[in-house]
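A.B. asks:
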Amino acid sequence: MGDWKTLTVPVLSSDSKNIFQYTSEKKVSPPSMNSQVLRLPLPSSKSMHSFFSAFCTEENIEQSISYLNRELTTLGFPSIYAESKGKELNLISIINCMNELLVLQHKNLRAQEEVEMQHLKLGSDMDHLQNCYAKLKVQKLQNIISSRATQYNHDMKRKEREYNKLKERLHQLVMNKKDKKIAMEVLNYVGRADGKRGAWRTDKTEARNEEEMYKVLLSDYEQRQKQLLVENAELKKVLQQMKKEIISLLPPQKQKPKERSEDGPVLSDLEEDIGELNKENMWELSCETVREQLTNSIRKQWRMLKNHVEKLDNQVSRVHSGALNEKDVISREDHELETEKLELEIQQCKEMIKTQQQLLQQQLMSPCDDDTTLLLQDCYLLEERERLQEEWRLFREQKKNFEKERRSFTEAAIRLGLERKAFEEDRGAWLKQQFLSMCTDYKHSENVTTPSAFLGSSDQDNRLVKSTSQQRKPHCMLSGPVSAEPCQTSQHITCNSSSAASKKPAGDSKPNQWVESDKEETE
Amino acid sequence: ASCVQYRLVVRDVNTLQILQLYTCLDQIQYIEWSSDSLFILCAMYKRGIVQVWSLEQPDWHCKIDEGSAGLVASCWSPDGRHILNTTEFHLRITVWSLCTKSVSYIKYPKACQQGIAFTKDGRYMAVAERRDCKDFISIFVCSDWQLLRHFDAETQDLFGIEWAPNGCVLAVWDTCLEYKILLYSLDGRLLSTYRAYEWSLGIKSIAWSPSSQFLAIGSYDEKVRILNHVTWKKITEFEHPATIANTKTIVYKEVEKSPSVETERLSFPPTRALASSLFSTQSKYDISQVPVSLQYIKPVADRANPKMGIGMLAFSPDNCFLATKNDNIPNAVWIWDVQKLKLFVVLEQLCAIQSFQWDPRQPRLAVCTGNSKVYLWSPAGCVSVQVPMEGDFQIVSLSWHSSGDSMALLSKDNFCVCYLEREEV
């Protein structure tokens, strides 16, 4: 059996990601393969959520697809597989099929609605017709009964007439027979019960009989009338008593002048009549007008009494409630107003409670946010701290580096100074030598060996410089920081250049230089 | 007085001693005392003979022979000196006078259940007649049998007539096919007509209240309608449903007490004493709790004279109670309080009610249901009395003594007299 229901169908295959998530699919229980009859129950979308997993799960996707394909093809839809007959699904055909199914579903729903409407109509028509039919049936039966009754009567009359004829004949026969047997044997006559002699039947007796009869009737009527009179008298007495009591109950003052003014003379007449009627002998009269007056007056009095009693009732109830507790003196309307007010208050309180609850919830929620923010803040702080630490480190490193550089600069500067001194001494010496040599130049050709020795000595110089620089460290240190950096760099450059330069000349007069430098320094 | 076959036995009421014994010519079908209790007529319908016996003078005799006319019914006139014989086929009613030996004829009497009615005071007699398919009523003066009034009754097919106890109103009701009751005054004027409904089966039984105030009409629709004598309009309706739900109604249910004889001790053939004690089980009344559902019988629809509707109606002599029986519920007697016009008591018996009758003096009802017990009800309570007889004694009908001290219980073949003791005040 195939049922039409809306399902949420999972993505069927990996390559059909464009399929809509909610489709109308045929939900079939796998064992039943019949799809001949399409039943049309109302779609219940949301309840079918659990079912789609029953039909198609991750394991049996292929099976379900193939099953659907089979079903659709049997219904006449094109296959949902691609033509390659592979595992690929033809997206377009699937969508088309779904669309077709949707259209079909709509059609079927409409058809169902129409059928239901018709059904209702027919049902109501049926009821109406049945009622009519029942009524007609009753009428029909009554007609039948009446016709039968007349027929029966007619037949009965006919039979009776026959019967009567027979009776007459029989009677004649009987009478004619003059049977001697029809007789009465009496031993002796019996006296009449009342002892009187039998009388002949005459007109007189007839008249007397009539008289008797009427007498009997009259006596009966008289008796009844007496009874009724007695009853009437009693009732009138009761009414009079009631009227007196009503009048006594009513307040003596004239309560409703309005009515009085309206009715005016009529009432006054009535009052007079009432006064007359109150007399003892009035109830003996039984003429109609008096009777009517009596009843009307009693009715009026009764109505007045009723109103009066109602008023008293209200007053009494109020008085009672007032006597108990002042707070309770609330008329019904006030009570209702109060109840309304109370209800409003209750509502307001409820709302307040709700809002407070909400706020409370929010607050409960917000502490969580604060924590996070704190955490975040902490994190930020930590981050900052770390950054700061890093920067510190960097700074320290840089500081170290700078110090190192400064030291090196100062050393370089010292060296440079030393070398400059040395160089100056060397220069001086060289000049001297030169001068001397110039004097003696013509004696030696020492220039050839001096570059190499120069070089070699330069190395030694360097070493020496280093060592001297090391020795001169504290001095350099003292003098180092005094010199500014660009001076240092320039000194460095100049030192380098000078060192380079100084190397050359320094090489010439190494030991001497040193000694000289030392001397210079110490000086 | 009782008759056995062709013998008439007269007994004394107090001692049941046989006072007189008469022999008639043929099997007696009907006996009736004259109103002054001096004579008894014995009617033998087969032979068409009525024999009259005198108590004072046992030698006196009288025989009335209808001859070929035949005899269908016979009754005394209220003065005790005339006998009215209805001949066969209701050809005529012959009035035989014992005093004058004269004969009068009433022609065309109606062949119905209650065609002749005497007023309570015995002054007038109403006879229903039918001529030319029409009903007529003739009122005769009983003293000289003069026709007083003759008028036609507006009924289709008169079923019965009954005088009101005051003798001034005659109730005439129609066949059960039509619900129609007519009320005529003594002088023949139509006072009122009452018709409850059409089409369904109509009146089954009627009863006048002793004061003539009310006329109770029992009909086939299981209802009793009460008309009042002033306006002849319906005052109220009494329904007889199968379920009684009103808590103010007392329902007495007859319950069998288990027999004292054990079944093991049965011997065959059973001794007489054993048999009587076996068959005559004691019974008592239990008060059933309302609501009570009574045994309802729906009669077969296609038969004539179906056993449905109110078949028996009787007012108590003090005009306080009305006892009715609904033939659809044959085991129950319904007692209504006339003052309050409400159902007062229901007596549920084990067997179907055969007949009931009020005590002529006080509101005491005696009921018999065809078994050997007589049931008495009064506003004080009800009691079931076993007739101490050997063998079967199935009470079919009962009849109170006019003093209310005793009653005769009749079965098919026997009768017994039940004496009721008065409480010493």
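These protein sequences, in sequence, are chains A and B. Each residue of the first sequence is one higher than the one before, counting from 1 in the numbering used here. Each residue of the second sequence is one higher than the one before, counting from 524 in the numbering used here. Every residue, glycine too, gets a C-beta built ideally from N, C-alpha and C.
(1) Can you give me the Cβ contacts of Asn751(B) inside the same chain, cut-off strictly under 7 Å, excluding the 5 residues immediately before and after it?
(2) Would you say Ile660(B) and Ala651(B) are within 8 Å of each other, going by their C-beta atoms?
(3) Are the CB atoms of Gly725(B) and Cys691(B) within a distance shorter than 8 Å?
(4) Are three or more beta carbon pairs between the stretch 202–211 of chain A and the stretch 663–670 of chain B nearer than 8 Å?
(5) Output needed in chain order: residues of the stretch 214–225 of chain A with a Cβ under 9 Å from some Cβ in chain B.
(6) Would His171(A) be called buried (16 or more neighbouring beta carbons within 10 Å of its own) or exposed?
(7) Interface residues of chain B around His171(A) at Cβ under 8 Å?
(8) Could you tell me whether the stretch 933–945 of chain B touches the stretch 907–916 of chain B, where touching means 3 or more Cβ pairs closer than 8 Å?
(9) Indicate whether at least one CB of chain A lies closer than 8 Å to the CB of Lys842(B).
(10) What does the alpha-carbon distance come out to for the pair Ile616(B) and Asp928(B)?
(11) In terms of residue numbering, what span does the alpha helix (DSSP H) encompassing Leu621(B) cover?
(12) CB-CB under 8 Å to Leu544(B), same chain, minus the five flanking residues each way: which ones, in chain order?
(13) Return no unless some Cβ of chain A is closer than 8 Å to the Cβ of Leu789(B).
(14) Between Pro733(B), Gln574(B) and Arg748(B), which has its C-alpha nearest Ile740(B)'s C-alpha?
(15) Met835(B) bridges to which residues according to DSSP?
(16) Distance check for Cys598(B) and Lys848(B), CA to CA, integer angstroms please.
(17) For the alpha helix (DSSP H) containing Tyr214(A), list its first residue and its last residue.
(18) With a floor of 3 residues, list each beta strand (DSSP E) that falls wholly inside the stretch 687–768 of chain B, ordered by position along the chain.
(19) Would you tell me roughly how many angstroms separate the C-alpha atoms of Trp857(B) and Asn143(A), rounded to the nearest one?
(20) Let's test the definition: count the other Cβ atoms within 10 Å of the Cβ of Glu762(B) and tell me whether it reaches 16, buried, or not, exposed.
(21) What first and last residue would you give for the alpha helix (DSSP H) that runs through Ile65(A)?
(22) Beta carbon of Phe682(B), beta carbon of Trp696(B): below 8 Å?
(23) Is Lys776(B) buried or exposed, if buried means 16 or more other CB atoms sit within 10 Å of its CB?
(24) Select from Ile767(B), Glu721(B), Leu578(B) and Ser922(B) the residue whose C-alpha is nearest the C-alpha of Gln818(B).
(25) By the 8 Å beta-carbon criterion, what residues does the stretch 684–707 of chain B contribute toward chain A?
(26) Compare the beta carbon distance of Ala846(B) and Leu888(B) with 8 Å and say whether it is the shorter of the two.
(27) Please say whether Ile773(B) and Ile810(B) have beta carbons closer to each other than 8 Å?
(28) How about the stretch 228–242 of chain A and the stretch 703–717 of chain B: do they share at least three Cβ pairs that are nearer than 8 Å?
(29) Would you say Ala592(B) faces chain C, with C-beta separation under 8 Å as the test?
(30) Rounded C-beta distance between Glu222(A) and Cys656(B)? I'm assuming under 8 Å.
(31) Considering just the uninterrupted stretch of the beta strand (DSSP E) at Gly904(B), what are its terminal residues?
(32) In chain order, which alpha helix (DSSP H) runs of at least 4 residues are fully inside the stretch 580–620 of chain B?
(33) In three-state DSSP terms, what is Arg672(B)?
(34) May I have the straight-line CA-CA distance separating Val138(A) from Asp127(A), to the nearest angstrom?
(35) As a quick exercise: from Gly638(B), Cys891(B) and Ala687(B), pick the residue whose alpha carbon is nearest that of Asp680(B).
(36) Tell me which residue opens and which closes the beta strand (DSSP E) that Val813(B) is part of.
C.D. replies: Judging by the given coordinates:
(1) In the same chain as Asn751(B), and ignoring 5 residues on each side of it, the C-beta atoms closer than 7 Å to its own belong to Gln736, Phe737 and Ile758, in chain order.
(2) Yes, the Cβ-Cβ distance between Ile660(B) and Ala651(B) is below 8 Å.
(3) No, Cβ-Cβ distance for Cys691(B) and Gly725(B) is not below 8 Å.
(4) With the cut-off at 8 Å, the stretch 202–211 of chain A and the stretch 663–670 of chain B touch.
(5) Residues passing the 9 Å Cβ filter: Tyr214, Val216, Leu217, Ser219, Asp220, Tyr221, Gln223 and Arg224.
(6) Of the other Cβ atoms in all chains shown, 16 or more fall within 10 Å of the Cβ of His171(A); this residue is therefore buried.
(7) Within chain B, the residues near His171(A) are Leu614 and Arg615.
(8) Output reads yes: the stretch 907–916 of chain B touches the stretch 933–945 of chain B.
(9) The question names Lys, but residue 842(B) in the sequence shown is Asn. Asn842(B) does not count as touching chain A.
(10) The C-alpha of Ile616(B) lies about 37 Å from the C-alpha of Asp928(B).
(11) In the DSSP assignment, Leu621(B) falls outside any alpha helix (DSSP H) and carries neither an H nor an E.
(12) Once the five neighbours on either side are set aside, the close Cβ partners of Leu544(B) are Arg530, Leu531, Val532 and Val533.
(13) Any reading at Leu789(B) must be qualified, since the residue scores a pLDDT of 45, below 50, and its modelled position is unreliable; the value itself is stated next. Under the Cβ criterion of 8 Å, Leu789(B) is not counted among the residues facing chain A.
(14) Among Pro733(B), Gln574(B) and Arg748(B), the Cα nearest to that of Ile740(B) is on Arg748(B).
(15) In DSSP, Met835(B) forms a bridge with Lys848(B).
(16) If you take the alpha carbons of Lys848(B) and Cys598(B), they lie about 28 Å apart.
(17) Where Tyr214(A) is concerned, the enclosing alpha helix (DSSP H) starts and stops at Asp203 to Leu249.
(18) Within the stretch 687–768 of chain B, the complete beta strand (DSSP E) segments of 3 residues or longer fall at 692–697, 704–708, 713–717, 726–731, 737–742, 746–751 and 757–762, listed in chain order.
(19) Rounded to the nearest whole angstrom, the CA to CA distance from Trp857(B) to Asn143(A) is 37 Å.
(20) Within 10 angstroms of the beta-carbon of Glu762(B) lie fewer than 16 other beta-carbons, which makes it exposed.
(21) Ile65(A) -> alpha helix (DSSP H) spans Ile61 to Leu75.
(22) It is a contact, given that the beta carbons lie within the stated cut-off.
(23) Within 10 angstroms of the beta-carbon of Lys776(B) lie 16 or more other beta-carbons, which makes it buried.
(24) With respect to the C-alpha of Gln818(B), the residue from Ile767(B), Glu721(B), Leu578(B) and Ser922(B) having the closest C-alpha is Ile767(B).
(25) Going along the stretch 684–707 of chain B in chain order, one finds Asn689, Gly690, Cys691 and Leu700 with a Cβ nearer than 8 Å to chain A.
(26) In this structure, Leu888(B) lies closer than 8 Å to Ala846(B) by Cβ.
(27) In this structure, Ile773(B) lies closer than 8 Å to Ile810(B) by Cβ.
(28) Judged by pairs of C-beta atoms under 8 Å, the stretch 228–242 of chain A does not touch the stretch 703–717 of chain B, as fewer than three such pairs exist.
(29) Among the chains of the structure shown, chain C does not appear; the protein chains present are A and B.
(30) Not confirmed; about 39 Å, so no contact.
(31) Gly904(B) -> beta strand (DSSP E) spans Gly904 to Gln909.
(32) List check, alpha helix (DSSP H) in window: nothing returned.
(33) In this structure, Arg672(B) counts as strand in the three-state DSSP scheme.
(34) Roughly 16 Å between the two C-alpha positions.
(35) Of the candidates Gly638(B), Cys891(B) and Ala687(B), the one whose C-alpha sits nearest the C-alpha of Asp680(B) is Gly638(B).
(36) No beta strand (DSSP E) contains Val813(B), which DSSP labels as neither H nor E.
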